[in-house]
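As given, the protein sequences belong to chains V and S, one line each in that order.
Its first residue numbered 1057, the first sequence is counted upward by one per residue in this note's numbering.
Its first residue numbered 1057, the second sequence is counted upward by one per residue in this note's numbering.
In this text, a Cβ means the ideal position worked out from N, Cα and C, and glycines have one as well.
Number of protein chains: 2
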Amino acid sequence: MCQRCNYAELLESCGLEPIPNRMRVLEVIGENASPLSAQDIFMTVSRTGGINRVTVYRILDLLVEKGLVDRLSSPGRSQMYGMAPNPNHPAHPHFHCRTCGAVQCLQPESVKVEMETLERTFAGEVQAVEIRLEGICRNCLKRA
Amino acid sequence: MCQRCNYAELLESCGLEPIPNRMRVLEVIGENASPLSAQDIFMTVSRTGGINRVTVYRILDLLVEKGLVDRLSSPGRSQMYGMAPNPNHPAHPHFHCRTCGAVQCLQPESVKVEMETLERTFAGEVQAVEIRLEGICRNCLKRA
DNA sequence: CCATTTTATGCAACTATGTTGCATTGAAAC
DNA sequence: GTTTCAATGCAACATAGTTGCATAAAATGG
């Protein structure tokens, strides 16, 4: 999907050696159009060779900690992972279908947020904004 | 906290008998200023008499299904529950502290969302919008 | 080039969270 | 009062994520 991201460079830019397993995990996240669960990532990476489930979790923790990947909240039991905003991957809202459970990324500009009031009055430090829409996706609407 | 909500009426308004355990669970959610985990709710309700963990989960599922309570995504392993928007509890964004993990409710008007573009172009049906901010809360900023 | 240190990985066991099946209880309907 | 049905409890299970520890693989220093 992403023709532009150089995953090795991304890793190096935050002080991580581009070792094979890190590359494999980051590529899977970067090349997918929508966020994936740890399980999804584990299974996908496994298809191209062995890797341990725990290793995937540890790499995910590392990528999130370094800010390359965002851990997205989900209404289900598992967390999901997507590329953190960067020049090739702008921040964008997510849509979660309540019927089929699928998560899709929306266009970055489709939902705009105005935070002036908050910035003026909030005593903490805001580092990220996550917008999640819920409803029924196109396919499930058709089926209903 | 909430002097205005009549929990029995709320339950009845969506076809649920206001039986004791339902009332206890819904009251705990409604009287708390920020969303609670199932575990929080279970422990709080338990203080006023016995209840089974599973019963709490089942009541939560029911309240969410009926739209009285919202299941909020969280970056941690557990889901959180808060009153669904109603005349006494307007929809509002949440702030999650990355340092201490606390979740707080923000003022309803502090963050505004503009969805015209989406509404014009999105083929699915949007039923709810959840806005989650992440960062460092006031207390943790002070401590740092 | 070998020895030492550091980092990454795998495995097993564990924890936390949520779910299911089934029996029992208790309340409502007749 | 009996029947029926919803609500509850309990135990067992399922899933997602974590930890401790041993081993393997890289990097570092002689």
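**Report entry** Complete runs of the beta strand (DSSP E) confined to the stretch 1132-1164 of chain V [at least 3 residues]
**Finding:** 1136-1139, 1150-1153, 1159-1161
Query raised in the report: Closer than 9 Å, CB to CB, is V1185/V near chain S or not?
Result: Here the question's residue 1185/V lines up with position 129 in the first sequence. So yes, V1185/V belongs to the interface.
Report task. Verify the contact flag: E1068/V, CB atom, against every heavy atom of the ligand COA, threshold strictly below 8 Å. Result -> In terms of ligand content, the structure shown is empty, and the ligand COA therefore cannot be addressed.
Requested in this report: Could you pull out every residue in the same chain whose Cβ sits closer than 6 Å to the Cβ of E1083/V, ignoring the five residues on either side in sequence?
Outcome: Along the first sequence, one-based indexing puts residue 1083/V at 27. Answer for E1083/V: Y1063, listed in chain order.
Report task. Could you tell me whether the Cβ atoms of C1161/S and A1089/S are closer together than 9 Å? Result -> Looking up residue 1161/S in the second sequence gives position 105. Looking up residue 1089/S in the second sequence gives position 33. Result yes, Cβ atoms of C1161/S and A1089/S sit closer than 9 Å.
Report task. Tell me V1185/S's beta-bridge partners as DSSP assigns them. Result -> Here the question's residue 1185/S lines up with position 129 in the second sequence. Its beta-bridge partners are L1189/V.
**Report entry** Residue(s) in a DSSP beta bridge with V1125/S
**Finding:** Position 69 of the second sequence, counting from 1, holds the residue named residue 1125/S. Answer by DSSP bridge pairing, in chain order: M1139/S.
**Report entry** Pairwise C-alpha distance: G1123/V and R1154/S
**Finding:** Taking the second sequence and counting its residues from 1, the one referred to as residue 1154/S is at position 98. Taking the first sequence and counting its residues from 1, the one referred to as residue 1123/V is at position 67. The straight-line gap from Cα to Cα measures roughly 13 Å.
Query raised in the report: Looking only at its own chain, which residues have a Cβ that is under 8 Å from the Cβ of V1169/V, when we skip the five neighbours before and after it?
Result: Residue 1169/V sits at position 113 when you count from the first residue of the first sequence. Hits under 8 Å: V1185, I1187.
Query raised in the report: Can you name, in chain order, every residue of its own chain whose Cβ lies under 7 Å from the Cβ of V1101/S, other than the five neighbours on each side?
Result: As a working note, residue 1101/S is residue 45 in the second sequence. Result list for V1101/S: R1080, V1081, V1084, I1107, V1112, in chain order.
Query raised in the report: By the criterion of Cβ-Cβ separation under 8 Å, what are the contact partners of F1151/V in chain S?
Result: Numbered from 1 along the first sequence, position 95 holds the residue referred to as residue 1151/V. Correct list: F1178, G1180, V1182.
Query - CA-to-CA distance, T1104/V to P1146/S, given in whole angstroms - result: Here residue 1146/S corresponds to residue number 90 of the second sequence, with the count starting at 1. Here residue 1104/V corresponds to residue number 48 of the first sequence, with the count starting at 1. Their Cα atoms are separated by approximately 49 Å.
Requested in this report: Show which residues of chain S have a CB atom less than 8 Å away from the CB atom of V1169/V.
Outcome: Taking the first residue of the first sequence as position 1, residue 1169/V is located at position 113. Within 8 Å Cβ-Cβ: V1167, K1168, V1169, E1170, I1187.
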